[in-house]
Amino acid sequence: MNEYLSQALQTVTERNASQSLFLQAVTEVFESLEPILAETPDIEAYSILERIAEPERQIMFRVSWVDDRGRVQVNRGYRVGFSSVLGPYKGGMRFHPTVRLDVIKFLAFEQIFKNSLTGLGIGGGKGGSDFNPRGKSDGEIMRFCQAFMSELYHFLGESTDVPAGDIGVGAREIGYLFGQYKRLTKRFAQGVLTGKQVGLGGSLVRKEATGFGAVYFASEMLATRNESLKGKTCVVSGSGNVAIYCARKIQELGGTVVAMSDSEGSIHDPNGVDLDIVAAIKEVERSRISQYPQRRPGSQFFHGDKVWKFRCDVAFPCATQNELELEDAQQLVDNDCMAVIEGANMPSTPKAIALFREKDLLFAPGKAANAGGVAVSALEMQQNASLQHWTFKKVDQRLQTIMADIHRECVFYSKKYHRPDDYVFGANVGGFIKVAGGMQAYGVI
Ligand code: NDP
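Heads up, the sequence shown is in the working numbering, so the first residue is 1319 and it goes up one at a time.
Below you can see the structure in the form of structure tokens.
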């Protein structure tokens, strides 16, 4: 390994010794940069690697709120502004009991390169809380969101930091957060949060964007092998926002989704998952996917099992980080899966990815394939700033173009550096080059 690279990696590792997810994300990006470092000595001269792996700012705060029984609850809130080289910090907020600084930092770091790939002038950030929305009443969710925003609002702004949703944060939560922001600041500043309801300045297609975008990316990728999703059997992990709209687009394009999941287990429906039933269970009733077989004869629920055990041509991990491990990857390979497209952030472990490369599967990393969500968030910012409201068709077309451009960029860099079909390499290099160029242009700040 290049000496500067290994030194920079060591420094980052020592400084963040307990943050394994963050280090996993940094290592993957840094290892891709070896050929660039050799031909661009300024990266070392300007300490770009050390600087890019240190967040510009990290905010942690107490969130106190009152539950339905009148008891005071305390959670911890986070917002990491990792890089504002290309624009205001942009990235979602996650409400999940597993959230800790490590999780938010890995997500914010990934977001830098993802946002760079969209070409839309947005920096990288992420936030959230260890608050668990599961089983909470609507009133509790509202009071938590209000308490969370009561601290966070100091740090937000259309040209400073613009949060959105992620796991556990959808249009309902964004509505409560925006309401509290408006109450505290006395400003109807639409552009300060994205993922809003359409009537409150939200963009059409934002809800669908991450899932649809992953499928658009998959279509571009399959086309390089003269393939398409038509007639393909697919599995999609998760049954949240990304998973549902990923599955919908697959089915629209003629594929069949035979398995989906939640954190309790997987459903298998050989006739093709009925997405109206999944959406009713998960989006409307906020219930468990184990309910699905009661409403759909011929399907089954497998407690504790992942979707990767079911035979498929194309797999879409759309749930959470490190959900697809080496043994899962082996199962996909044994079942002749041809492509894996990440709708979630970092869902495949490094060993799983290495196996996909070794076996010549097409593999799309999340920072490229799931960039559609943040891209449409940036389009929402554009609409808010210009007081416009674009049609579904217009936003969807922009999304398709953006995903095709990201695909082209990945292919360009993987070919340029003689790593054909290495989308991890192409995405990391393509995302990095713009940010590094900006850091150099600004001087040492
Ligand atoms: P949601 O909260 O809407 O859904 C998450 C889904 O994943 C739920 O169905 C959840 O099940 C399931 N899940 C969580 N852990 C596991 C597990 N270990 N095994 C199986 N299923 C699990 O989140 P999103 O759909 O918004 O986000 C999913 C992923 O996509 C995350 O990695 C997120 O960072 C990423 N992403 C999201 C974007 C967006 O626009 N929303 C943009 C880009 C990336 P349960 O209900 O049991 O908790």
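Glycine included, each C-beta is placed from N, C-alpha and C at the ideal position.
| Query | Result |
| --- | --- |
| Local Cβ density within 10 Å of Met1699, reported as buried at 16 or more and exposed below that | buried |
| Spatial distance of Lys1624 from Ser1555 (CA atoms) | 8 angstroms |
| Three CB pairs or more closer than 8 angstroms across the stretch 1385-1402 and the stretch 1710-1720 | no |
| Coarse secondary structure for Asp1386, derived from DSSP in three states | coil |
| Residue span of the beta strand (DSSP E) that contains Lys1408, given as start and end | 1407-1413 |
| Ser1555 CB to nearest heavy atom of the ligand NDP below 7 angstroms | yes |
| For Gln1376: DSSP bridge partner residues | Val1398 |
| Extent of the continuous beta strand (DSSP E) run through Leu1680 | 1680-1682 |
| Where Gln1612 falls, given that 16 or more other Cβ within 10 Å makes a residue buried | exposed |
| Where Leu1642 sits in the DSSP three-state scheme | strand |
| Rounded C-alpha distance that separates Asp1456 from Asp1386 | 10 angstroms |
| CA-to-CA distance, Lys1454 to Arg1389, given in whole angstroms | 13 angstroms |
| Ala1657 in three-state terms, based on DSSP | strand |
| C-beta contact flag for Arg1394 and Asp1448 at 8 angstroms | yes |
| Bridge partners - Val1381, DSSP secondary structure assignment | Asn1393 |
| Proximity to Leu1571 [Cα-Cα], best of Asp1580, Val1553, Ser1537 | Ser1537 |
| Contact set for Ile1485: own chain, Cβ-Cβ below 6 angstroms, skip 5 residues either direction | Arg1412, His1414 |
| Endpoints, alpha helix (DSSP H) assigned at Met1578 | Segment 1574-1580 is the beta strand (DSSP E) holding Met1578; no alpha helix (DSSP H) there. |
| Beta-carbon contacts of Gly1590 that lie in its chain and below 8 angstroms, excluding the five residues immediately before and after | Gln1569, Thr1574, Val1575, Val1576 |
| Run of the beta strand (DSSP E) containing His1586, from where it starts to where it stops | 1583-1586 |
| Through-space distance from Ala1759 to Ser1581, alpha-carbon basis | 45 angstroms |
| Under the three-state DSSP convention, the category Thr1551 falls into | strand |
| Meets three-Cβ-pair contact criterion under 8 angstroms: the stretch 1460-1480 and the stretch 1646-1665 | no |
| Alpha-carbon spacing of Ile1599 relative to Leu1522, whole angstroms | 23 angstroms |
| Cβ-Cβ distance between Arg1509 and Ala1703 below 8 angstroms | For the record, residue 1509 in the displayed sequence is Gly; it is not Arg. Taking 8 angstroms as the Cβ cut-off, Gly1509 and Ala1703 qualify as a contacting pair. |
| Under the three-state DSSP convention, the category Val1533 falls into | helix |
| Start and end residues, beta strand (DSSP E) containing Phe1619 | 1618-1621 |
| Residue from Gln1328, Trp1626, Ala1754, Asp1594 with nearest C-alpha to Arg1614 | Asp1594 |
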